[in-house]
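The structure appears below as structure tokens.
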Amino acid sequence: MIGTLGGFDGHGNMVVLYTVERMVFDRYYCDLPIGLVIVRGEEVVVCGELDPTAPELPSNMILVTRDEMNEARKAERNSSFLRTTMRRLMNFLECVSDD
1 MIGTLGGFDG
11 HGNMVVLYTV
21 ERMVFDRYYC
31 DLPIGLVIVR
41 GEEVVVCGEL
51 DPTAPELPSN
61 MILVTRDEMN
71 EARKAERNSS
81 FLRTTMRRLM
91 NFLECVSDD
């Protein structure tokens with residue numbers, strides 16, 4: 001989540017304004033607008049200020065739409081499944097040929 005801190009209390013609860021959820025996959029990223037978010041203090045891991053003069057992202061990152069992000073993630077899952085299946089098949093064939 002990236003946004004503007006609107007306020008907080010002694011328990012660490014925060015109100016975050018103009019919030020976006022940044023999805024990152026490989027060298028692609030997508031910002032999904034959320035708006036106002038209230039975060040319970042027990043859920044907060046880190047809260048910090050971004051340097052406004054520093055580049056927000058590395059130069060190799062490519063902004064894509066949510067649909068393109070979902071397509072890339074789906075393609076990676078399919079390719080991972082195919083690699084795993086091929087590895088299992090090759091291991092099976094090695095076991096059969098050893099007998």
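Numbering-wise, UniProt numbering puts 55 at position 55 of the sequence shown, and it's gapless, one number per residue. For every residue, glycine included, the Cβ atom is placed at its ideal position computed from N, Cα and C. Since this is a predicted model, take the numbers as computed values, not measurements.
Note: D31 is bridge-paired with R22 in the DSSP secondary-structure output. Nearest C-alpha to V64 among V24, G10, I2, G3: V24. 8 Å or more divides the Cβ of D31 from the Cβ of A72. A direct Cα-to-Cα measurement between G6 and V16 gives close to 5 Å. The beta-carbon distance between M69 and Y28, rounded to whole angstroms, is 6 Å. This is short enough to meet the 8 Å contact definition. Boundaries of the beta strand (DSSP E) harbouring L5: 2–8, taken from the DSSP string.
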